[in-house]
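Student: The listed protein sequences correspond, in order, to chains A and B. Here the first sequence is numbered in our numbering, starting from -17 and rising by one per residue. Here the second sequence is numbered in our numbering, starting from -17 and rising by one per residue. The beta-carbon is built from N, C-alpha and C at its ideal position, and this holds for glycine as well. Small disclaimer: the values here were computed from a predicted structure and weren't measured. Sharing a structure here in structure tokens format.
Number of protein chains: 2
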Amino acid sequence: MTSRHISLKDLAKELNVSISTVSRALRDHPDISSEVKEKVKQLALSKNYTPNPLAMGLLKQETRMIGVIVPDLVTHFYASIISGIEQVANEMGYFILLASSNESVEKEKQAIENLLKARVEGFIICQTQETQSTEHFEALIERSIPLVFFDRICLSDRVPTVTVDNKAAAQKITQHFYQQGYRRIAFISGPDQLNITKERMAGYLEGLKQSGLPEDPELIEHCNLSFESAKQAMARLLDTANPPDAVFGINDTVAFAAMQKIKERGLKIPDNVGLVGFTDDFHAMVVDPPLTSITHPTYAIGQEAARLFFQSKDNKQYSTPVVLQTQLIIRKSSQKTCHGDHDDAETAW
Amino acid sequence: MTSRHISLKDLAKELNVSISTVSRALRDHPDISSEVKEKVKQLALSKNYTPNPLAMGLLKQETRMIGVIVPDLVTHFYASIISGIEQVANEMGYFILLASSNESVEKEKQAIENLLKARVEGFIICQTQETQSTEHFEALIERSIPLVFFDRICLSDRVPTVTVDNKAAAQKITQHFYQQGYRRIAFISGPDQLNITKERMAGYLEGLKQSGLPEDPELIEHCNLSFESAKQAMARLLDTANPPDAVFGINDTVAFAAMQKIKERGLKIPDNVGLVGFTDDFHAMVVDPPLTSITHPTYAIGQEAARLFFQSKDNKQYSTPVVLQTQLIIRKSSQKTCHGDHDDAETAW
DNA sequence: TATTATCATGCAAAGCTTTGCGCTAAGCTT
DNA sequence: AAGCTTAGCGCAAAGCTTTGCATGATAATA
């Protein structure tokens, strides 16, 4: 029940010196004699003294906490990114305060307010797919509160961002399909306002053009990134007069949903329909057939976002966007012709 | 650069009253006249005043932060539990400080120290599989720092815990296998010191007994819960003279690893080998064939752990262990005989 | 009118740390 | 020996909030 942490005051009392002497002794201030220093340090160690971060925060006006807001916590993609953020933050002596927006702008705003109340020093955010207006972000910028976006971004002229080479990756996918002999390549896309949607769409279209394939509106479907809506999108594709022989899903959830729907229809992957996802590594390997996909360097994305955060906190000046490279990992789901590869063949494009 | 948050002092100055008057006005203290109250509240609202948690923490000696330590952040199981913890914590005006032990006792200890330095008020922990000695936990108990364990527990006579009905669940699995016609039922187990290992083992054995099946040491394998080690365990099972026709994996990772190894050997699930996991719902549905499994109520586990935390913080007295119910969800991977069910048939046992 | 009750507000301390400045005593210079 | 430097340490303020107590003023009572 007694205060569980000991303070400078406690040490000072025990040593019959002033608090300031203790403080300076611990910080090796030249004013303090080496005998006193020694005594103080020893006692501090034995009593397991650690400075009270609340007091320090009050004094220095810093809390050493970063607010991190993601659409959800349970997706491996975000969890892994958060790990990356945490690693760098920890190294810098910072902690993370986590909040999930559940893809709702309202909760996103609420989270920002709550974290602000908790006095986080800034934010690292992946916005919801609903997010259209950017006022709540601009308010942060105006108050010059450090802010970093990753994956889903906006305001990128004023906010440091970290993304992946979405367009190039999507292009690789289309080309890969083409080389495998697929000719009717469909794209299950997401909400239009998201940058990832736009960029992957651009890459998809560019890939078609380069392969000399025509652009066919019937091969482009939209969904809201949920499993169910992705399944419906896949169903619509299969129900067209001239269904696709290859499908590119904008993320892992979408790809898995597509896979399930394709199987339900009794079609074979990769023979009847090729499938490629856009995801991090983990899930792609447990499904059957193993899913060819663009892999995100999720951990690195987190690390990079954290670095950008500290940069913008210290320098106060705009950092140029960071774009990380993805890799196309080719697995069974997109290999129409038998290449003689065994299960774990992984070809970096 | 100027202090980004406004304080009582700011409000007081602007209104030409004392800080204490402002404080009391905001908390509706009867001593303050209603006109002053009105003025103060209005200004506070317009200036967007929120009390500084650092100052409050210093004063009240509470930080409103809970330290949560898990073996890793990226597994859906933990991520979902963390979500549950977060929801309850948020409701109580608390924040979570997350740390991952990476299944290393050293990092677990380190995390406890770091979080203690950050002055968390207590801990919610799922210990590493390495954890043998319990000194670092007992140190917390002695300092009467609130502590709650979930899933992997120890010291349960002194620490509130939340687990699931491991034994009963394991028993159900064995019986289900038996009813499906499987007769050589194997168990891929984990490190012996873990309570989950012991309890599920007990249930497995009890289930065998009830089904009148003999206990065969050859059908019990151990692994360290990693994907690779689980695959090796599965391989060892398949290499025995009389290999199993059914396998119960102690968690999802293990089950997936087993699945992969079984497929590699060209065996069919569920016809040649039945498979059941012990996991939360998410992954079981995306693999092929869909995995029969015991589902953890992960979100509820998190919620319950958080509730227990607050209980032990306030009451200071020991709470009886919480045991949550699991469900056996039957999917394709364990249905030897064709039941005519369609894909999404789910039978609660 | 003098005294008391009541109301509204301010002062100051506590919680913990850092740091500029002031103080004391010892040692040094000339 | 008188004056000056310097080594070594303490005071106090700032950062923000709450709250017991004191203060001041006004209204009510005897």
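(1) Please classify M47 of chain B: does DSSP put it in a helix, a strand, or coil?
(2) Answer yes or no: do G185 of chain B and A212 of chain B have a C-beta to C-beta separation smaller than 9 Å?
(3) With 9 Å as the threshold, decide whether the Cβ of S82 of chain B is near any Cβ in chain A.
(4) Does DSSP classify A228 of chain A as helix, strand or coil?
(5) Can you tell which of B:Q299, B:V146 and B:K298 has the C-alpha that lies nearest to the C-alpha of T261 of chain B?
(6) Taking Cβ-Cβ distances below 7 Å as the criterion, which residues of the region 266 to 288 of chain A are in contact with chain B?
(7) So, is the C-beta of F291 of chain B closer than 9 Å to a C-beta in chain A?
(8) Anything in chain A within Cβ reach of R134 of chain B, meaning under 7 Å, just list it in chain order.
(9) Out of A:Q285, A:T179 and A:F291, state which residue places its alpha-carbon closest to the alpha-carbon of S62 of chain A.
(10) Using a Cβ-Cβ distance cut-off of 9 Å, determine whether M241 of chain B contacts chain A.
(11) From A:D174, A:V50, A:K314 and A:E117, pick the residue whose C-alpha is nearest to that of F291 of chain A; which is it?
(12) For P273 of chain A, tell me which candidate among A:L176, A:L249 and A:M241 has the shortest Cα-Cα distance.
(13) What's the C-alpha gap between Q195 of chain A and R165 of chain A?
(14) Who are the Cβ neighbours of Q293 of chain B in its own chain at under 8 Å, not counting the five residues just before and after it?
(15) For G256 of chain A, does the count of other Cβ atoms within 10 angstroms reach 16, so buried, or fall short, so exposed?
(16) Going along the region 110 to 129 of chain A in order, which residues come within less than 8 Å of chain B, judged by CB to CB distance?
(17) In or out: G189 of chain A buried (at least 16 other Cβ within 10 Å) or exposed?
(18) Less than 8 Å between C-beta atoms, sequence neighbours within five positions excluded: which residues of the same chain meet that for D198 of chain A?
(19) Relative to the alpha-carbon of R140 of chain B, which residue among B:N148, B:D133, B:S126 and B:K149 has its alpha-carbon at the smallest distance?
(20) Can you name the start and end residues of the beta strand (DSSP E) that I107 of chain A belongs to?
(21) Determine the DSSP secondary structure at S86 of chain B, reduced to helix, strand or coil.
(22) For my contact list, V130 of chain A and E112 of chain A are in at a C-beta cut-off of 8 Å; report their separation, rounded to the angstrom.
(23) I need the boundaries of the beta strand (DSSP E) containing E17 of chain A, first residue and last residue.
(24) To the nearest whole angstrom, what separates the beta carbons of Y76 of chain A and R101 of chain A, a pair I think is in contact under 8 Å?
(25) Using a cut-off of 7 Å between C-beta atoms, extract the partners of V56 of chain B located in chain A.
(26) Closer than 7 Å by C-beta to V282 of chain B: which residues in its own chain qualify, once you throw out the five before and the five after it? Chain order, please.
(27) Which residues bound the beta strand (DSSP E) around G284 of chain B?
(28) Short of 8 Å Cβ to Cβ, which residues in the region 136 to 169 of chain B face chain A?
(29) Note down, in chain order, each residue of its chain lying with its Cβ closer than 6 Å to the Cβ of A239 of chain B, except the 5 sequence neighbours on either side.
(30) Going by the DSSP bridge assignment, what does L80 of chain B pair with across the sheet?
(31) Reducing DSSP to helix, strand and coil, say where E203 of chain B ends up.
(32) Would you identify the three-state DSSP class for A93 of chain B, choosing helix, strand or coil?
(33) I'd like the span of the beta strand (DSSP E) that includes V144 of chain B, first residue to last.
(34) Tell me the DSSP secondary structure of L137 of chain B in three-state form.
(35) By a C-beta neighbour count over all protein chains shown, 10 Å radius and 16 as the cutoff for buried, is R313 of chain B buried or exposed?
(36) Would M(-17) of chain B count as contacting chain A if we go by Cβ distances under 9 Å?
Tutor: Let me spell this out:
(1) Strand.
(2) Not a contact, by the Cβ cut-off of 9 Å.
(3) yes
(4) In this structure, A228 of chain A counts as strand in the three-state DSSP scheme.
(5) B:V146
(6) V268, V269 and D270
(7) no
(8) Under the 7 Å cutoff, chain A gives no residues; its nearest Cβ is about 19 Å from R134 of chain B.
(9) A:Q285
(10) yes
(11) A:V50
(12) Per the sequence shown, the amino acid found at residue 273 of chain A is Leu instead of Pro. Measuring from the Cα of L273 of chain A, the nearest candidate turns out to be A:M241.
(13) For the sequence presented, residue 195 of chain A should be read as Leu rather than Gln. If you take the alpha carbons of L195 of chain A and R165 of chain A, they lie about 7 Å apart.
(14) Contacts found: P142 and S301.
(15) G256 of chain A comes out buried.
(16) R125, S126 and I127
(17) By the Cβ-count criterion, G189 of chain A is buried, with 16 or more other Cβ atoms from all chains shown falling within 10 Å of its own Cβ.
(18) If we look at D198 of chain A and ignore the five residues flanking it on each side, its Cβ neighbours are R166.
(19) Considering only B:N148, B:D133, B:S126 and B:K149, the residue with the shortest C-alpha distance to R140 of chain B is B:S126.
(20) Taken as a continuous stretch (DSSP letters only), the beta strand (DSSP E) holding I107 of chain A covers G104 to I107.
(21) coil
(22) Actually they are not in contact, since the Cβ atoms of V130 of chain A and E112 of chain A sit about 20 Å apart, beyond 8 Å.
(23) Note, E17 of chain A: premise wrong, no beta strand (DSSP E); alpha helix (DSSP H) at S16 to S28.
(24) The Cβ separation is near 13 Å, so there is no contact.
(25) H58, A61, S62 and S65
(26) Per the sequence shown, residue 282 of chain B should be read as Ala rather than Val. Closer than 7 Å at Cβ, skipping near neighbours: G66 and L306.
(27) Element bounds for G284 of chain B: not the beta strand (DSSP E) but the alpha helix (DSSP H), T280 to N297.
(28) none
(29) So the list reads F209, A212 and K213, once near-sequence residues are dropped.
(30) B:V50
(31) strand
(32) helix
(33) T143 to V146
(34) It is coil, neither helix nor strand.
(35) buried
(36) With a pLDDT of 37 at M(-17) of chain B, under the threshold of 50, the predicted position of this residue should be treated as unreliable, and no value is reported.
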